[in-house]
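Chemist: The numbering of the sequence shown is our numbering, which starts it at 2 and goes up by one.
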Amino acid sequence: MDSLTGADQAGDSSTPPRIVGIGASAGGLAALEQFLEQVTPGSGLAYVVVQHLDPTQKALLAELLQRATKLPVREAENGMRVEADSVYVIPSNTELTVVDGVLHLNTPAEPRGLRLPINILFSSLARDQGERAIAVILSGMGSDGTLGLQAIRALGGLTVVQQPESAQFDSMPKSAIAAGCADIIAPPAELPGHIRAYITQAAKKEEPDAALTSVAQTPQTSSALPMDPLLSIFRLLQQRTRHDFSVYKPSTLHRRISRRMAIHGIDTLAMYEAFMRQNVQEIDLLFKELLIGVTSFFRDAAVWQQLADFTLPELLARQPTEQKLRAWVVGCSTGEEAYSLAIIFAEVVQRLSLYREHTLQIFATDLNPDAITMARRGIYPASISADVSPERLARFFSAHDSYYWINKDIRDTVLFAQHDVVLDPPFTRLDLLSCRNLMIYFDAALQRKLLPLFHYSLRPGGVLLLGSSETVGRFKQLFFAPIESKLRLYLRQENAPGVVPELLAKSFPPLSKIKKELPMSLSPHTSQPAENLQTAADKVLLQVYAPAAVLVNNDGDIVYISGRTGKYLEPAAGRANWNFHAMVREGLRAPLIDAMKQAVNQSEPVQLHGLQVQGSANKQSVDVTVQVFREPGALQGMMMIVFRDVAAAPAMRGRRKGHSVIEASHTAELQQYKDEIQILREETRASREELQSANEELQSTNEELQSTNEELTTSKEEMQSMNEELQAINAELQAKLDDLALAQSDMKNLLNSTDIAILFLDQNLNVRRYTEQASKIINVRESDIGRPLSDLTTSLQYPALRDDANDTLRTLVFSEKQIPTSDGRWFSVRIIPYRRLDNVIDGVVITLVDITATKRLESKLRQDLNQ
């Protein structure tokens, strides 16, 4: 975390400024002005503004924003170094990035309508500034900026979002908030104050708290730990999430907890612990903060090249008879590393024809449920093209408008699950185990326990892959032999010399010291209360004379068995399975399935009579009762199945005759059932054919609709982008119109204040503008704008006025004459060309200066001279 306050940064030129990236789109001009109006000079911050602009028009954004702030506003130039207390604005038709504190402009790679310049800026800030980066999302349509915010937040930077209710267009702020990457949400005018408060608070947290240091040095097994605030925070997290963060490195804890404290403006751990108790949501936010992972496809390219060229082929050669390999990716985050491994393995077996039949089952686990959900979807932004080659994108991904979707065959090889490597049992019989950049967050004691656990999880000849900043340490000679030390690839050692058996035993989960209830042993001499006569008799009746019965839950799993059920149930072959449907004998399965479905929808028990148990040697008949319990609470939702044997009919003389009658009745019923079944089969066949035909039509229609939808989606995105650009242009032009209206008002007042009659004519000598004094000499009014000069009447005795105006327009030589009026006044009439700012002649200007007094004085002087 930056250790300088804003004032310190401003005073120390050697310290690079902290950069605030601001992204806006439609409706962003007003929000930018509100934001910059509250920015105070001397903060030591630099502001880089990116807005969606029309690539074909020169932007006026820098000029407009300069009116809202005292800081200098400049249009960014390639190679310009970022300076404190300055605002830099993106030019049109460019992409703006920051590298080593220097601005870089590039030509957009995507076509118009698909560009995401805010994401590009924020991603570069994340790489350049790390945890010092600050990103702001203001009004706009679409979702540009959300992925960039995620990158900055993953590295510990500050993410700030405009309150959607205050935005003219709220899509961009809502997208950022929905993604869970907004640290501060407020109206634009309040955001600079929050940023200053965060920087000030973060500067106070430069040194680790004493509580952190004491926890790091205190044995975790001590039962007399003081309940200081940090331990209370750990306990709140453990109670809420089941995870024990006391085994993490103090530096990691300090950085993440301090960041949350700075966001809320909290000074001490005790105050933050109290705040967490009052706000359960903050516990969840801190949990996610501590789990933030940084990952990407094929991160550290040399590692994946080594796996593809040597490690995986050698692993396959060491397992010639085992075609199903297993791998475990610990701390998989959003799944990029697990999918990278699946892609590399697919390429290896495709290249080596000898191993075409081999498969790899990848178990990818992480603590963060949100990350696991994203990983299962397998959908990633278009920006992954920077990490994945075009060949792999074409082979293993499906390209969509703004994202890539991993193909199903790759997704099927990866099984994602939420798993705590510290507490949960490990995956075993592994051929490859990847745990990259996870152990760096754990303290040394936990690292020493994890490595033997990884050794146990791997098969002989298995491979361990660690992160670039991790190593097996002292276990190098015990458990793992280096394959490529620089790339952190290790081979599992067999019969490692000097291995202490207790070392492995102590490494099994739970690795964290979680208190567990010990089973209570009963003394053989413990006196039991004497059973009374009724209790003993009831027990005998239930055990001996009560019918056999089973109790099953909603999933059909047997939870309780009463009596002897061997006649009706038998264990299924293969893996042990206590599901009732798998264990029930033939002859009972089909009728019982129907009866169980019927019993769910009625309150009365379902009775079945005379069922034949196929597995019984004597063809035992049985009556079955199926009943669903709705009370008491302990049995609510469960189902009881009771079996009662039906005794065979006693031998009698008329037995054969009765049997024949019953057999004939059964034969008739059987034939009736067969006829009904045949009719149902024919109806089903006809329905199936109709459904198949309808399905083919629907499939064809669906394909057409899907194609149309894709075209509409592309058109929608292009129209949305153009709409955003037009909104930005409209805002700029509206601001310019306001300026022009003000300038026109100023000019009108200026001309009128001169008390000089002025008439502006265009190239056709039509009236363009005039002053009030001119209307007193030439009969002109507001409705005469655009009328020819020849149509106007005047008190001037100047019939050649139009001809002189034409001569001036043609020769560009100004004309000046003294002209009398019909009411006895004199005017000096000057005609000069009207020259625009671009040096184009666009009419003439006629000025009329009243010289009546001068003429009268001249006339008097002449009279005096003549006398």
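All residues carry an ideal CB built from backbone N, CA and C; glycine is no exception.
Just reading off the alpha helix (DSSP H) that aspartate 388 is part of, what are its end residues?
Modeler: For the purposes of this step, residue 388 is identified with residue 387 of the sequence shown, where counting begins at 1. From DSSP, aspartate 388 is part of no alpha helix (DSSP H); its letter is neither H nor E.
Chemist: Starting from threonine 855, follow its DSSP beta bridges and name the residues at the other end.
Modeler: As a working note, residue 855 is residue 854 in the sequence shown. None; threonine 855 has no bridge partner.
Chemist: Which residue or residues does DSSP assign as beta-bridge partners of isoleucine 363?
Modeler: Here residue 363 refers to the residue found at position 362 when the sequence shown is read from its first residue. Its beta-bridge partners are Ala328, Val415.
Chemist: Since I believe leucine 760 is in contact with alanine 744 (beta carbons under 8 Å), could you give me their beta-carbon distance rounded to a whole number of angstroms?
Modeler: Mapped onto the sequence shown, residue 744 falls at position 743. Mapped onto the sequence shown, residue 760 falls at position 759. Actually they are not in contact, since the Cβ atoms of alanine 744 and leucine 760 sit about 20 Å apart, beyond 8 Å.
Chemist: Exposed or buried, which one is serine 522 when buried takes at least 16 other CB atoms within 10 Å?
Modeler: Along the sequence shown, read from residue 1 onward, the residue named residue 522 stands at position 521. Low local confidence applies: a pLDDT of 42 at serine 522 is under 50, so the model's placement there is unreliable, with the coordinate-based value given in what follows. The residue in question, serine 522, is exposed, as its Cβ has fewer than 16 Cβ neighbours within 10 Å.
Chemist: Please state whether the Cβ-Cβ distance between alanine 461 and arginine 493 is less than 8 Å.
Modeler: One-based indexing of the sequence shown puts residue 461 at position 460. One-based indexing of the sequence shown puts residue 493 at position 492. Sequence inspection shows proline at residue 461; the alanine mentioned does not correspond to that position. Taking 8 Å as the Cβ cut-off, proline 461 and arginine 493 qualify as a contacting pair.
Chemist: What would DSSP say about serine 26, mapped onto helix, strand or coil?
Modeler: Translated into positions along the sequence shown, residue 26 becomes position 25. Coil, per DSSP.
Chemist: Can you tell me the Cα-Cα spacing of glycine 787 and lysine 737, whole angstroms?
Modeler: Taking the first residue of the sequence shown as position 1, residue 787 is located at position 786. Taking the first residue of the sequence shown as position 1, residue 737 is located at position 736. Rounded to whole angstroms, glycine 787 to lysine 737 spans 25 Å at the Cα level.
Chemist: Where does serine 354 land, buried or exposed, given buried means 16+ other C-beta within 10 angstroms?
Modeler: As a position in the sequence shown, residue 354 is number 353, starting the count at 1. Serine 354 should be labelled exposed.
Chemist: Distance, Cα to Cα, lysine 861 vs threonine 853?
Modeler: Stepping through the sequence shown from its first residue, residue 861 is reached at position 860. Stepping through the sequence shown from its first residue, residue 853 is reached at position 852. Taking the straight line joining both Cα atoms gives about 12 Å.
Chemist: Counting pairs of beta carbons, one from the segment 129-146 and one from the segment 168-186, are three or more of them closer than 8 Å?
Modeler: Result yes; three or more Cβ-Cβ pairs closer than 8 Å.
Chemist: Count the other C-beta atoms from every protein chain shown that fall within 10 angstroms of the C-beta of arginine 857, then say buried if there are 16 or more, exposed otherwise.
Modeler: Working through the sequence shown from its first residue, we reach residue 857 at position 856. Under this definition arginine 857 is an exposed residue.
Chemist: Exposed or buried, which one is asparagine 710 when buried takes at least 16 other CB atoms within 10 Å?
Modeler: Taking the sequence shown and counting its residues from 1, the one referred to as residue 710 is at position 709. Label assigned to asparagine 710: exposed.
Chemist: Just reading off the alpha helix (DSSP H) that tryptophan 305 is part of, what are its end residues?
Modeler: Counted from its first residue, the sequence shown places residue 305 at position 304. Counting along the chain, the alpha helix (DSSP H) containing tryptophan 305 begins and ends at 302-307.
Chemist: Are the CB atoms of isoleucine 833 and phenylalanine 815 within a distance shorter than 8 Å?
Modeler: Here residue 815 refers to the residue found at position 814 when the sequence shown is read from its first residue. Here residue 833 refers to the residue found at position 832 when the sequence shown is read from its first residue. Cβ atoms of phenylalanine 815 and isoleucine 833: closer than 8 Å.
Chemist: Look up arginine 590 in the DSSP assignment and say whether it is helix, strand or coil.
Modeler: Translated into positions along the sequence shown, residue 590 becomes position 589. Correct three-state label for arginine 590: helix.
Chemist: Let me know the secondary structure DSSP gives isoleucine 373 once reduced to three states.
Modeler: On the sequence shown, residue 373 is found 372 positions in, with the first residue counted as 1. Helix at isoleucine 373.
Chemist: For threonine 855 and threonine 755, what's the separation of their Cα atoms in angstroms?
Modeler: Here residue 855 refers to the residue found at position 854 when the sequence shown is read from its first residue. Here residue 755 refers to the residue found at position 754 when the sequence shown is read from its first residue. So the alpha carbons of these two residues sit roughly 19 Å apart.
Chemist: On the criterion of 16 or more Cβ atoms from any shown chain inside 10 Å, does glutamate 859 qualify as buried, or is it exposed?
Modeler: Position 858 of the sequence shown holds residue 859. Counting Cβ neighbours within 10 Å, glutamate 859 comes out exposed, since fewer than 16 surround it.
Chemist: Report buried or exposed for leucine 681, applying the criterion of at least 16 other Cβ atoms within 10 angstroms of its Cβ.
Modeler: Walking along the sequence shown from the start, residue 681 turns up at place 680. Classification of leucine 681: exposed, given that the 10 Å Cβ count is below 16.
Chemist: Determine whether the beta carbon atoms of serine 87 and proline 73 lie at a separation below 8 Å.
Modeler: For this step, residue 87 is matched to residue 86 along the sequence shown. For this step, residue 73 is matched to residue 72 along the sequence shown. For serine 87 and proline 73, yes; Cβs fall inside 8 Å.
Chemist: Taking only runs of the alpha helix (DSSP H) that begin and end inside the segment 418-498, which ones reach a length of at least 4 residues, in chain order?
Modeler: Runs of the alpha helix (DSSP H) inside the segment 418-498: 445-458.
Chemist: Between the segment 317-334 and the segment 354-368, do three or more beta carbon pairs fall short of 8 Å?
Modeler: The segment 317-334 is in contact with the segment 354-368.
Chemist: Can you grab the Cα-Cα spacing for the pair histidine 53 / arginine 396, in whole Å?
Modeler: Residue numbering aside, residue 53 sits at position 52 when the sequence shown is read from its first letter. Residue numbering aside, residue 396 sits at position 395 when the sequence shown is read from its first letter. Spanning the two alpha carbons is a distance of roughly 33 Å.
Chemist: Grab me the residues of glutamate 485's own chain with a C-beta within less than 7 Å of its C-beta, minus the 5 sequence neighbours each way, in chain order.
Modeler: What you label residue 485 is simply residue 484 of the sequence shown in a count that begins at 1. Gln307, listed in sequence order.
Chemist: Whole angstroms are fine: how far does the CA of asparagine 602 sit from the CA of threonine 702?
Modeler: Within the sequence shown, residue 702 is the residue found at index 701, counting from 1. Within the sequence shown, residue 602 is the residue found at index 601, counting from 1. The alpha-carbon atoms of threonine 702 and asparagine 602 are separated by roughly 38 Å.
Chemist: Go to glutamate 773, then tell me how far its alpha helix (DSSP H) extends in each direction, as first and last residue.
Modeler: Position 772 of the sequence shown, counted from the first residue, corresponds to residue 773. Per DSSP, glutamate 773 belongs to the alpha helix (DSSP H) from 773-776.
Chemist: Distance check for tryptophan 305 and alanine 446, CA to CA, integer angstroms please.
Modeler: As a working note, residue 446 is residue 445 in the sequence shown. As a working note, residue 305 is residue 304 in the sequence shown. Distance between the alpha carbons of alanine 446 and tryptophan 305 is about 30 Å.
Chemist: Tell me the residue span of the beta strand (DSSP E) that contains glutamate 76.
Modeler: As a working note, residue 76 is residue 75 in the sequence shown. That run of the beta strand (DSSP E) goes 74-76.
Chemist: Could you give the distance in angstroms between the alpha-carbon of glycine 158 and the alpha-carbon of leucine 838?
Modeler: The residue you call residue 158 lines up with position 157 of the sequence shown. The residue you call residue 838 lines up with position 837 of the sequence shown. If you take the alpha carbons of glycine 158 and leucine 838, they lie about 49 Å apart.
Chemist: Name the two residues that bound the continuous alpha helix (DSSP H) containing tyrosine 273.
Modeler: For the purposes of this step, residue 273 is taken as the residue at position 272 of the sequence shown. From DSSP, the alpha helix (DSSP H) with tyrosine 273 extends over 270-279.
Chemist: Report the residue from Pro572, Leu612, Trp579, Met639 whose alpha carbon sits nearest the alpha carbon of serine 604.
Modeler: Within the sequence shown, the letter at position 603 stands for residue 604. Selected option, being the one with the closest Cα: Met639.
Chemist: Check whether the segment 345-360 and the segment 375-385 are in contact - that is, three or more C-beta pairs closer than 8 Å.
Modeler: Touching, no.
Chemist: Select from Arg831, Ile642, Arg631, Gly611 the residue whose C-alpha is nearest the C-alpha of histidine 582.
Modeler: For the purposes of this step, residue 582 is taken as residue 581 along the sequence shown, with counting starting at 1. Considering only alpha carbons, the answer is Ile642.
Chemist: Considering only the alpha carbon of each residue, which of Arg811, Val845, Gln819, Pro821 lies closest to leucine 762?
Modeler: For the purposes of this step, residue 762 is identified with residue 761 of the sequence shown, where counting begins at 1. Looking at the Cα atoms, Val845 is the closest of the given residues.
Chemist: Quick check: alanine 77 and leucine 97, are their CB atoms within less than 8 Å of each other?
Modeler: For the purposes of this step, residue 77 is taken as residue 76 along the sequence shown, with counting starting at 1. For the purposes of this step, residue 97 is taken as residue 96 along the sequence shown, with counting starting at 1. In contact: alanine 77 and leucine 97 (Cβ atoms closer than 8 Å).
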